[in-house]
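Visitor: Mapping of the sequence shown onto the UniProt record's numbering: position 90 corresponds to residue 90, and the numbering continues sequentially without gaps.
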Amino acid sequence: MLSSDILNYLDQYGPLLVFVIMFLEALNLTGIPSYIILPAIGFFIEQSPFSFLFILVMTLLGSISGCLLYYIVARKFGRSMYNYFYQKFPLAKRGLDKASELSERYGAMMCFTGRIIPTVRVFISLMSGVFQIPFKTYLIYSAAGITVWNFITLFIGYLTALYS
1 MLSSDILNYL
11 DQYGPLLVFV
21 IMFLEALNLT
31 GIPSYIILPA
41 IGFFIEQSPF
51 SFLFILVMTL
61 LGSISGCLLY
71 YIVARKFGRS
81 MYNYFYQKFP
91 LAKRGLDKAS
101 ELSERYGAMM
111 CFTGRIIPTV
121 RVFISLMSGV
131 FQIPFKTYLI
141 YSAAGITVWN
151 FITLFIGYLT
161 ALYS
């Protein structure tokens, strides 16, 4: 697909497409990490009719919506899965114990800082739901971390387009 084809597609469906991509990325369903997706989106913003701020808001809405769904599912069903893995896979116990300890010790800050660490960020909703981090705490700290991450990575792509 050519760059002009991508731009035409973004002109037509840009904001909705950005929302859907980030929603799916938050659920870990795209197969492509956000540190690749967001700079690419940022790169194409510069050549699209949409403002940086508007697309940033769409990425935030998509990411936060996906994370909330993941959190709710993990909160409802995650504990039974956790217990199953804990009983059936003795080698996993150490990692699960460490995750539980970190969640209890750093619950809110884990939601914030974990959103800024590339590999860790996809597990924050799962861990927060399984270990019953209060919804309001989860939402506030995750949204703050998602905002920082999305802004920085989107802006990198945007600056690359401006100066290339």
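By construction, the Cβ of each residue, glycine as well, lies at the ideal position given by its N, Cα and C atoms.
If you reduce the DSSP assignment to three classes, tell me which class residue 101 lands in.
Guide: helix
Visitor: Under 8 Å Cβ to Cβ from residue 143, same chain only, skipping five residues before and after it: list those, please.
Guide: 60, 64
Visitor: Alpha carbon to alpha carbon, how far is residue 62 from residue 139?
Guide: 14 Å
Visitor: Look at residue 103 and residue 133 and say whether their C-beta atoms are less than 8 Å apart.
Guide: Note that the C-beta distance between residue 103 and residue 133 is below 8 Å.
Visitor: According to the neighbour-count rule (16 or more other Cβ atoms, all chains shown, within 10 Å of its Cβ), is residue 170 buried or exposed?
Guide: It is not possible to answer for residue 170, since the shown part of the chain is limited to 1 through 164.
Visitor: Here's the rule I'm using: 16 or more other beta-carbon atoms within 10 Å means buried, otherwise exposed. How should residue 89 be labelled?
Guide: Around the beta carbon of residue 89, fewer than 16 other beta carbons sit within 10 angstroms, so the residue counts as exposed.
Visitor: Taking just the CA atoms, how far does residue 114 sit from residue 148?
Guide: 11 Å
Visitor: Closer than 8 Å by C-beta to residue 78: which residues in its own chain qualify, once you throw out the five before and the five after it? Chain order, please.
Guide: Cβ within range, chain order: 126, 129, 130.
Visitor: How big is the Cα-Cα spacing for residue 32 and residue 25?
Guide: Residue 32 and residue 25 have their C-alpha atoms some 7 Å from each other.
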